Amino acid sequence: MAYLHSLCAHLSANKTGKRKRRCDAQPPFEAAIKAIVLDLYRAHQSDPTLEVGIGTGTTALQRKSKSRYGASFISARTFIDAMEVLQCEGLIVLSTPHWDDPEKKRSRVARYMATPSLLCGIDRVGASVVDLRRQRNAEGIRLKDDYKRLVEYGDDAFANAGRDRLRIINEMLESHWADLARTDDQLAADLKDIAGTRDDEAAQSFDFAARTVHRVFNNEDWEQGGRFYGAWWISCPRRLRPHILINGKRTVEVDYSGLHAAMLYAQDGQPIPDDPYERCLMKKDNKVERKLVKLTFNALLNADSVNRISEIEDYSPEITGRSWYDFKWYIVSKYPEFSQYFGSGVGLRLQRKDSDLAEKVMLRFAAMRYACLPVHDSFIVHHGLQDELDRIMREAFEAEFGVSGKVGVDIGLGEVVEKSDRPIELDPDQLLNPVGYEARLQAFWDMRG
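Quick note: to get the numbering used here, add 654 to the position in the sequence shown (first position is 1).
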């Protein structure tokens, strides 16, 4: 972005700040300026009220610069210098001061926002969310411990190979534009309606710059977890996913039906039911009840003990007709064939297998130069590719387990036109000056040339 280069030149020429920088400190200083500005601009594009927590403690910054998960091109001293300069120039503002909890349980770093001056400067050059992208060298293969903290690791053949494949997947994702076919007003109303409901995802703003994924492995074990995270559509509320467009075209979502149950049946050599969760439903085709069955089933696989398993989020005895304690044991009783798996913690090992399936499916689409958006056990593609996705998913499952998996389909709504008796009037201004998702798509095509 040309604006960032001119901004760095301006800030360097003004010599703002407490310290005089050495020549070799100039590149990391400019890198810090760009990283801070882009992060705050990205937050504003997602939600104008969003604050960004930025720690400026020397020890923490030094530790982060040496971490594979940090930014090695930024030094602690130049980062602090960049923060001071940006504040002195009125380009960023401290919105919430840091707070140290005496008990060290709820301390928080200071939070910042971009000022109107910075935002106007970026807007003047015609920048938009489509210009934002993930740092190319950011670590995409992440290992966490039992407490979900990132763990450092050395050179590893498995991680290196996975990183190479991930690069192919992210190049595929970045070469297409995914968005929601909702105006800004419609999206705000959607999120307001979702807030406070029993939807499986919280209402949130959307960071359309989050267009790439990373893999997370758990418990310091490459055989546990491995699922893909990071892209905005992965946390998109289910009821809004039918509105997802790819390159302005309607989509279809195809998922593996009862994936973890299907995996267990397959590896044990048992036939796979059409719907593994149906046996637990009081009312056939009750989607809300089925979701609770599925979540409880998976929680039982993830837990180390059935007795110690916590109540799943949004559990409702009104829907199931049972207390949580009775319901979890009811689910256990309905699957005598899986008694050895419940409370065994096998769920994370199954996630490793389902994430490997997802990787294979996306690599197939990347080879064909088509977009394929992952949502854990489902995928979103252009609606004309439904049959191709169905076939590839079945082939991937059969290659892994020796039998064909079953898939389910949800058709997108993005291009469905509502019937109206009123004549359609063209608005030339709207055609020449698109807004919302249409403006983002146009900006993407302009960027691609």
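Glycine is no exception: its CB is placed at the ideal position from the N, C-alpha and C atoms. Predicted model, so just to flag it, every value in this text is computed and none were measured.
No Cβ-Cβ contact shorter than 8 Å links I985 with V942. Residue burial is scored here from C-beta neighbours: P770 has fewer than 16 other C-beta atoms within 10 angstroms and is therefore classed as exposed. If you check the CB distance, R696 and A863 come in under 8 Å. Per the C-alpha coordinates, the member of Q699, D785, I734 positioned closest to A714 is I734. In this structure, DSSP gives P1028 an extended state, which the three-state scheme calls strand.
Judged by DSSP in its simplified three-state form, K798 adopts strand. Take the alpha-carbon of E738 and the one of Q789: they are about 23 Å apart. Rounded to whole angstroms, the Cβ separation of D1031 and Y910 is 5 Å, and the two are in contact under 8 Å. In its chain, beyond the 5 residues on either side, I898, L899, I1034, V1035, H1036, H1037, G1066, G1068 have a beta carbon closer than 7 Å to the beta carbon of T905.
The alpha-carbon separation between A663 and L786 amounts to approximately 21 Å. Ranked by how close their Cα comes to the Cα of I746, the residues K1007, D693, R731, E793 have D693 in first place.
Sorting V1015, V867, A920, M917 by C-alpha distance to the C-alpha of F882 places V867 at the top. Counting along the chain, T703 sits inside no alpha helix (DSSP H), nor does DSSP assign it H or E at all. Taking each of T732, R1018, T974 in turn and checking the Cα distance to Q716, the smallest one comes out for T732.
Boundaries of the alpha helix (DSSP H) harbouring V986: 978–988, taken from the DSSP string. In the three-state reduction of the DSSP assignment, L786 falls in the coil class, being assigned neither a helical nor a strand state.
Exposed is the label assigned to Q924, since fewer than 16 other Cβ atoms lie within 10 Å of its Cβ.
Secondary structure note for R1094: its alpha helix (DSSP H) is the uninterrupted segment 1090–1102.
In the three-state reduction of the DSSP assignment, K903 falls in the strand class, which pools E and B. Rounded to whole angstroms, the gap between the alpha carbons of N873 and L797 is 8 Å. Taking a contact to require three or more Cβ pairs closer than 8 Å, the region 998–1011 and the region 963–972 do not qualify as touching. L820 places its beta carbon less than 8 Å from that of I795. Taken through DSSP and simplified to helix, strand or coil, M767 comes out as strand. Secondary structure of H752 (DSSP, three-state): coil. With respect to V706, L658 sits apart: the two C-beta atoms are not nearer than 8 Å. For G879, DSSP records a beta bridge to F871. Residue state for Y919 is assigned as helix, using DSSP reduced to three classes.
In this structure, T703 keeps its C-beta atom at 8 Å or more from the C-beta atom of G1090. Of the residues R1018, N791, V779, Y766, the one whose Cα lies closest to the Cα of G724 is N791. CA-CA distance, D818 to E828, rounds to 16 Å. Scanning its chain for C-beta atoms nearer than 7 Å, with the 5 sequence neighbours on each side dropped, one finds around W753 the residues S761, R762, in chain order. Around the beta-carbon of A667, fewer than 16 other beta-carbon atoms lie within 10 Å, marking it exposed. Fewer than three beta-carbon pairs drawn from the region 1001–1013 and the region 972–983 are found closer than 8 Å, and the two stretches are therefore not classed as touching. One thing to note: W887 has its Cβ within 8 Å of the Cβ of V1029. Counting along the chain, D833 sits inside the beta strand (DSSP E) bounded by residues 832–834.
By the neighbour-count criterion, in which a residue is buried when 16 or more other Cβ atoms sit within 10 angstroms of its Cβ, M1101 is exposed.
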